[in-house]
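One structure is given here, and the rest of the page talks about it.
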Amino acid sequence: MTNLAQIVNVDLGDRSYPIVIGSGLLSKVGEQIKDVLGTGLRVLIVTDSNVEPLYLNQLQDSLGKAGYNVASQPVPAGEASKSIEQIASIWSAAVDARLDRKSVIVALGGGVVGDLAGFAAASYLRGVKFVQVPTSLLAMVDSSVGGKTGINLPQGKNLVGAFHQPSMVIADLNLLSTLSEREFSSGMAEVIKYGVIHDADLFAKLEQNVSELRQLDPESLAFVVKRSCEIKADVVRQDEREGGVRAWLNFGHTLGHAIENTCGYGVHLHGEAIAAGMVYAARLSEVQKGFPPDQTQRLIDLFTAFDLPTTFTDGKWSELLEVMTADKKAENAVPRFVLADRIGKALLPEEVPEEILAATFRSWIESGS
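With this note's numbering, letter number 48 in the sequence shown gets 138, and the count goes up by one each step, no holes.
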């Protein structure tokens, strides 16, 4: 572990685990997980076709030197890999690698890889341990933390899955240097979300440090990753299985997931769809909760600064509504929305009359943001 490493603990009793954040951690993964899991175990690394040529050999070497018996299973990059076919390929690879109940699955990649590897770990032999080594900003600040795992169905996103907490998350900030600007901005959408739902000071710091973040300034990156993980860890500690306040994390996601589905997974990156969904949620919050319009404009301006969309013109309201009724957050086929009454304060999800949803959508689209 480097001197620069910082640790955020996710406090869940006997399922607690550390998030290690720093630079130069990938080559030390083997030594780091020995302290938590022991050694001499079989390990299956799940990665994708983009990450494999960049980082797989380095991770394999680190694990091998630490005494692990290592196999790997790559999947095609992209949201379409969160499928029954790809999860079956990972199960088969686990059998071929002779994984047993003491074995470990390691996710090396972004959110798709983490969701797949986590679900494989939750379901193979009714549950084996897994470690998250996120390679994207979105995965570092969001999907690698909290234990949500799963795959998509044609009818909607993340409809099949399980809660399965990792044993450890190791976030090497150096890996962000190979992200495209578009992928980096996609991750920033989730960072901005944390400011909206929980931390007005974080939101203000993001407004002040756009240039530094876009230039991957190490100090700025370390701050936003650590603060995002602290917020998510605290929310997960309070509500591991989303019976209450964990729903705050879905701000913008009800419409955002519908955008991803109706356009076809991969057309819009997750953060891009969620950014548009958050602007819509802010507009709804204006109508329902008195969210100040000037704060909606701050949100729009911040998304624009990171080249994220603030509107959506690719689909019909009727199609989006149909997908939202099948969303896992819906109740009795009625979509529910997380709203906010100001930046820094989200509210628990609630039903909004369909006529208000539709009217707000129309006015949002017509306004262009």
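Quick reminder that beta carbons are idealized off the backbone N, C-alpha and C, glycines included. This one's a predicted model, so the numbers in the text were calculated from it and none came from an experiment.
{"Check": "Residue environment, Gln122, which counts as buried when at least 16 other CB atoms sit within 10 Å", "Outcome": "buried"}
{"Check": "Asp232 beta carbon near the ligand SAM (any heavy atom closer than 6 angstroms)", "Outcome": "Of the ligands one can find in the structure shown there are none, so the ligand SAM has no counterpart to examine."}
{"Check": "DSSP state of Ile433 mapped onto helix, strand, coil", "Outcome": "coil"}
{"Check": "Given Cys114 as reference, the closest of Tyr145, Val424 and Val100 once Cα atoms are compared", "Outcome": "Going by the sequence as given, residue 114 is Gly instead of Cys. Minimum Cα distance to Gly114 is reached at Tyr145."}
{"Check": "Supposed close pair Leu426, Glu441 - CB separation, criterion 8 angstroms", "Outcome": "According to the sequence as given, residue 426 is Arg; it is not Leu. About 6 angstroms; that satisfies the 8 angstroms criterion."}
{"Check": "Span separating the alpha-carbon of Cys319 from that of Val98", "Outcome": "7 angstroms"}
{"Check": "Counted within 10 angstroms of its Cβ, other Cβ atoms place Pro244 as buried (16 or more) or exposed", "Outcome": "exposed"}
{"Check": "Lys283, DSSP secondary structure in three states", "Outcome": "helix"}
{"Check": "First and last residue of the uninterrupted alpha helix (DSSP H) at Leu153", "Outcome": "Asn147 to Lys155"}
{"Check": "Spatially closest choice to Leu198 from His343, Ala366, Val185 and Ser162, by CA coordinates", "Outcome": "Ser162"}
{"Check": "Beta-carbon proximity list for Leu392, same chain, < 8 angstroms, skipping 5 on both sides", "Outcome": "Ile282, Phe293, Leu296, Glu297 and Val300"}
{"Check": "Gln176 to Asp384 span [Cα, whole Å]", "Outcome": "45 angstroms"}
{"Check": "For Asp417, three-class secondary structure by DSSP", "Outcome": "coil"}
{"Check": "Separation of Met368 from Leu374, as counted between CA atoms", "Outcome": "10 angstroms"}
{"Check": "Rounded distance between the beta-carbons of Lys419 and Thr352, thought under 8 angstroms", "Outcome": "Not quite, the Cβ-Cβ distance comes to about 17 angstroms (not below 8 angstroms), so this is no contact."}
{"Check": "Identified DSSP bridge partners for Ile241", "Outcome": "Val250"}
{"Check": "Same chain, Cβ closer than 6 angstroms to Thr92, neighbours up to 5 away in sequence not counted", "Outcome": "The predicted model places Thr92 with a pLDDT of 42, which falls under 50 and marks its position as unreliable; any figure quoted below should be read in that light. Result list for Thr92: Gly112 and Gly114, in chain order."}
{"Check": "Spatial neighbours of Glu376 in its chain, beta-carbon cut-off 7 angstroms, leaving aside the 5 residues before and after", "Outcome": "Pro383 and Thr386"}
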